[in-house]
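To start, the structure itself, in structure tokens.
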Amino acid sequence: MKQIIALGGGGFSMEPENPLLDTYILQQSKRTNPKICFVPTASGDADSYVSDFYRFFEKMPCEPSHLSLFRPPTRDLESFVLEKDIIYVGGGNTKNLLVLWKEWGLDEILRKAWNQGILLAGISAGSICWFEEGVTDSFGGGLEPIKALGFLKGSNCPHYDCEEDRRPAYHRLVGTGALGGGIAADDGVAIHFIDQDVHKIVSSRPTAKAYSLSFDNKVIETELRTEYLGDN
């Protein structure tokens, strides 16, 4: 079973006092004490981001580690990655993430991990990267389309509710054909894919939602059923 959990926003870095999304991610590994590895490439391996990861996950039932491409822990990145149960990719600059991953061969290592059943997760840039394409501010000066890894079909737009330009930009890009249809997520929402299908959409905030966008002579936005984890 191949799984990806794509977060529009939230998690330990944005909601450190709200563990709902990250607890959900850990639970999907089906292991008692899963090995979870944070990949902070998109932030330039920011020390504060890595510290936030350990601060949160060291309190949880798991074995946390991180993979830095600026200070790599080993020459054998493939073995390092493939021994993990969960790979959790942080936010930041999607373009730089994709360039560096390709240079290091990490894109293909992660594809192998996904095919072997290692759970892939990520927030913002770490969400966009798994799709064919997405909406990014990586280039500066506004929101633009970007081609990504293509593990998941379609396009992706995170931060749909918290950044005022996101919704109109996604509508414009889908409407002009610059992006194909896809799925958008508010902050606090995680979209859980099994293979290519949406298995479940969950949220850490009562009103946060996900939406599908398609084009049929006009852009069609459809609100998707989202389960608030706080009700459990």
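Following this note's numbering, the numbering of the sequence shown begins with 209 at its first residue and continues without gaps.
Where is the CB? At the ideal position from N, CA and C, for every residue including glycine.
Subject >> Candidates G299, I294, S335, D284: closest to L314 by CA position >> reply: By one-based count along the sequence shown, residue 314 stands at place 106. The residue with the shortest Cα to Cα distance from L314 is D284.
Original post:
Can you name the start and end residues of the alpha helix (DSSP H) that P376 belongs to?
Top reply: Along the sequence shown, read from residue 1 onward, the residue named residue 376 stands at position 168. Run containing P376: 374 to 383, per the alpha helix (DSSP H) assignment.
Original post:
What do you get for Q324, buried or exposed, if any count of 16 or more other CB atoms within 10 angstroms of its CB means buried?
Top reply: Here residue 324 corresponds to residue number 116 of the sequence shown, with the count starting at 1. Its Cβ having fewer than 16 others within 10 Å, Q324 is exposed.
Subject >> Whole-angstrom distance between C270 and I326, CA atom to CA atom >> reply: Start at 1 with the first residue of the sequence shown, and residue 326 comes out as number 118. Start at 1 with the first residue of the sequence shown, and residue 270 comes out as number 62. Their Cα atoms are separated by approximately 15 Å.
Subject >> Sequence-distant residues of the same chain with beta carbon closer than 6 Å to I233, five excluded per side >> reply: Start at 1 with the first residue of the sequence shown, and residue 233 comes out as number 25. Closer than 6 Å at the Cβ level, and outside the excluded window around I233, lie I213, A329.
Subject >> Validate contact between the region 392 to 407 and the region 346 to 358 using beta carbons, cut 8 Å, 3 pairs >> reply: no
Original post:
With DSSP run on the structure shown, which of helix, strand or coil describes N364?
Top reply: Position 156 of the sequence shown, counted from the first residue, corresponds to residue 364. DSSP places N364 in strand when its eight states are reduced to three.
Original post:
At which residues does the beta strand (DSSP E) containing E429 begin and terminate?
Top reply: Start at 1 with the first residue of the sequence shown, and residue 429 comes out as number 221. Taken as a continuous stretch (DSSP letters only), the beta strand (DSSP E) holding E429 covers 427 to 432.
**OP:** Please go through the region 300 to 352 and give each complete beta strand (DSSP E) segment of 3 or more residues, from N-terminal end onward.
**Re:** 327 to 331, 339 to 344
**OP:** Since I believe L277 is in contact with W312 (beta carbons under 8 Å), could you give me their beta-carbon distance rounded to a whole number of angstroms?
**Re:** If you number the sequence shown from 1, residue 312 lands on position 104. If you number the sequence shown from 1, residue 277 lands on position 69. About 6 Å separates the two Cβ atoms, so the contact holds.
**OP:** Compare the C-alpha of Q404 against each of F246, G252, E340, K243 and name the closest.
**Re:** Residue mapping note: residue 404 aligns to position 196 of the sequence shown, counting from 1. It is E340.
Subject >> Spatial distance of M209 from T384 (CA atoms) >> reply: Against the sequence shown, residue 209 aligns to sequence position 1. Against the sequence shown, residue 384 aligns to sequence position 176. Cα to Cα, M209 sits roughly 35 Å from T384.
**OP:** Closer than 6 Å by C-beta to D345: which residues in its own chain qualify, once you throw out the five before and the five after it? Chain order, please.
**Re:** As a first step, residue 345 is located in the sequence shown; it is residue number 137 there, counting from the start. Hits under 6 Å: L351.
**OP:** Consult DSSP for G390 and reduce its assignment to one of helix, strand or coil.
**Re:** Taking the first residue of the sequence shown as position 1, residue 390 is located at position 182. Strand.
**OP:** Name, in chain order, the residues that DSSP records as bridge partners for F401.
**Re:** Along the sequence shown, read from residue 1 onward, the residue named residue 401 stands at position 193. Per DSSP, I212, V406.
Original post:
With 16 other CB atoms within 10 Å as the buried threshold, where does Q235 fall?
Top reply: Taking the sequence shown and counting its residues from 1, the one referred to as residue 235 is at position 27. Exposed.
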